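Participant: Adding 235 to a residue's 1-based position in the sequence shown gives its number in my numbering. Each residue gets a CB set at the ideal place from its N, CA and C atoms; glycine is no exception. Model, not experiment: these values are computed from the prediction.
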Amino acid sequence: MHPHDALHPEPASPGAARPAWMLRFTRAERAIHHVTALLMGVCLVTAGMLYLPMLSTVVGHRELVKTVHVWCGFALPAPIVLGLVSRAFRTDLRNLNRFAPHDWEWLKRGDRRAVRHGRGVLPVGKFNAGQKLNAAFTAGAILLMLGTGEMLTFPDPWPVHWRTGATFVHDWLFLLIVIVVAGHLWEAFRDTEALGGMLTGRVDRDWAARHHPGWLDAVQRSAARAPDGGRGTGSGEEATGATGEGGPEFAKRRPGMS
C-alpha cells in the first residue's frame with residue numbers, strides 16, 4: 236500500500252464549499268507519461284519528415300532528422316523502465332494489465348458513459364477498457380518499433396528478407412500509431428477534467444463518480460480504513476472488491492459477466 240489515489244478535502248472558500256479532489260496520478264507517473272509522449276511525438280514527426288517526400292523537401296537536413304528519429308526511438312522504453320522504481324506506477328501497470336467483467340461490458344455497451352444519479356452506469360475502475368487497450372497497444376507498438384528499428388539501423392547481421400519485412404512492419408505500424416495517437420488526443424481534449432488529471436495529478440470527486448465509480452468506491456473504502464479516518468492509502472484498484480479485478484473470484488468468471 237502507498238499514499239496514492241488518496242481523497243483530499245479542499246479548503247473551504249468564502250461563500251461556497253468546494254468539492255473534494257482526488258489524487259489520480261503521482262508526479263512520477265505524470266513524468267513518465269509526459270516524457271514518453273514527448274519521445275513518441277518526436278518519433279512520429281521525424282518519421283513523417285523522412286517518409287513523406289513533400290516534408291523531406293521542405294525540411295531538408297535528412298541525416299540530422301534521421302539521427303534524432305533513431306535516438307528518440309531507442310530512448311522510448313527508457314521512461315517506462317526507469318518508472319518501475321515508482322510503486323504507484325507499478326500498481327497502475329498491474330491494473331492496466333487486468334481485464335475485469337465490467338471492461339468487457341464497457342466495450343459492448345453503447346451507453347458505457349451514461350450517468351445515473353451522478354454515477355456512471357458501470358463500475359469502472361481507475362482505467363476504463365479503452366485506456367487499457369490503448370496502453371496494451373502502445374506497449375506492443377514500442378517493442379515492435381524498437382525491434383524493427385534496430386534491424387533497419389544495424390542491417391548487417393540480418394538477412395535481406397528480414398530487413399524487408401522489418402521495413403514493411405515499421406512503415407505500416409507508423410501509420411497505425413498516428414491513427415491511435417490522434418484518437419487518444421481526441422478523447423483527451425473531449426474530457427478536459429481527465430486531461431487536467433494527467434497535467435496536475437488531481438481530479439474532482441464528482442468527475443470520478445461519473446467516469447470511474449469503482450475506483451472512487453475503492454478509494455473511499457481505503458480512506459475509511461485509514462487510522463486517521465481521513466486520507467486513504469493505496470491504489471483504488473488494489474481494493475478489488477469495488478472494481479471486480481484480481482483475485483480468484485475474478486479468475487473464475489467468464490468475460491461478459493458483471
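For Ile267, I'd like the list of residues in its chain whose CB is within less than 7 Å of its CB, leaving aside the five on either flank, ordered along the chain.
Facilitator: Contacts found: Pro314, Ile315, Gly318, Phe324.
Participant: Return the residue from the list Gly400, Arg348, Leu273 that minimises the CA-CA distance to Arg425.
Facilitator: With distances taken between Cα atoms, Arg425 lies closest to Arg348.
Participant: According to the Cβ coordinates, are Arg440 and Met257 closer than 8 Å?
Facilitator: Their beta carbons are under 8 Å apart, which means Arg440 touches Met257 by this criterion.
Participant: Check this for me: beta carbons of Gly211 and Leu378, under 8 Å apart or not?
Facilitator: In the structure displayed, the chain extends from 236 to 493; residue 211 sits before or after that span and is not available.
Participant: Should Ile412 be labelled buried (16 or more other beta-carbon atoms within 10 Å of its own) or exposed?
Facilitator: Flag for Ile412 reads buried.
Participant: Based on Cα-Cα distance, which residue from Phe362, Phe260, Gly355, Ser291 lies nearest to Arg445?
Facilitator: Closest by alpha carbon: Gly355.
Participant: Buried or exposed: which applies to Val288, given that a residue is buried once 16 or more other Cβ atoms fall within 10 Å of its Cβ?
Facilitator: The sequence given here places Pro at residue 288; Val does not occur at that position. Label assigned to Pro288: exposed.
Participant: Span of the beta strand (DSSP E) holding Trp393?
Facilitator: Note, Trp393: premise wrong, no beta strand (DSSP E); not H, not E.
Participant: Give me whichever residues DSSP pairs with Gly355 in a beta bridge.
Facilitator: For Gly355, which the question treats as bridged, DSSP gives the partners Val350.
Participant: By Cβ distance, which residues of its chain are closer than 8 Å to Gln366, with the 5 residues on each side in sequence left out?
Facilitator: Excluding positions up to five away in sequence, the list reads Leu331.
Participant: Could you check how far apart the C-beta atoms of Trp341 and Val320 are, in whole angstroms? I think they sit under 8 Å.
Facilitator: That pair is no contact at about 31 Å.
Participant: Could you pull the DSSP bridge partners for Asp426 from this structure?
Facilitator: DSSP, once it has assigned bridges, lists no residue as partnering Asp426.
Participant: For Val320, name the three-state secondary structure that DSSP assigns.
Facilitator: It is coil, neither helix nor strand.
Participant: Tell me the rounded alpha-carbon separation between Arg466 and Val454.
Facilitator: Model confidence at Arg466 stands at a pLDDT of 47, short of 50, so the residue's coordinates are unreliable and nothing is read from them.
Participant: Secondary structure at Leu311, three-state DSSP: helix, strand or coil?
Facilitator: Leu311 falls in the coil class under three-state DSSP.
Participant: Is the CB-CB distance between Leu274 and Leu311 below 8 Å?
Facilitator: Yes, the pair counts as a contact, with Cβ atoms nearer than the cut-off.
Participant: Have a look at the DSSP bridge pairing and note the partners of Arg437.
Facilitator: Answer by DSSP bridge pairing, in chain order: Leu258.
Participant: Would Glu422 pass as a contact of Trp442 if the rule is Cβ separation under 8 Å?
Facilitator: Not in contact: Glu422 and Trp442 (Cβ atoms no closer than 8 Å).
Participant: Note the first and the last residue of the continuous alpha helix (DSSP H) segment covering Arg456.
Facilitator: Residues 448-460.
Participant: In the DSSP assignment, find the alpha helix (DSSP H) that holds Lys343 and state where it starts and stops.
Facilitator: Lys343 -> alpha helix (DSSP H) spans 336-343.
Participant: According to the neighbour-count rule (16 or more other Cβ atoms, all chains shown, within 10 Å of its Cβ), is Pro448 buried or exposed?
Facilitator: Burial call: buried.
Participant: If you draw a straight line from the C-alpha of His337 to the C-alpha of Lys343, how long is it?
Facilitator: Using only the alpha carbons, I get a separation of about 10 Å.
Participant: Out of Phe362, Gly295, Asp346, Gly432, which one is the CA nearest neighbour of Phe334?
Facilitator: Of the listed residues, the one whose Cα sits closest to Phe334 is Phe362.
Participant: Given a threshold of 16 other Cβ atoms within 10 Å of its Cβ, counted over all protein chains shown, does Leu420 qualify as buried or as exposed?
Facilitator: Exposed, by the Cβ-count rule.
Participant: Going by the beta-carbon positions, is the gap between Gly436 and Arg265 smaller than 8 Å?
Facilitator: Yes.
Participant: I believe Val438 touches Arg259 by the beta-carbon criterion, under 8 Å. Please report the beta-carbon distance rounded to the nearest angstrom.
Facilitator: Contact flag correct, Cβ pair sits at about 5 Å.
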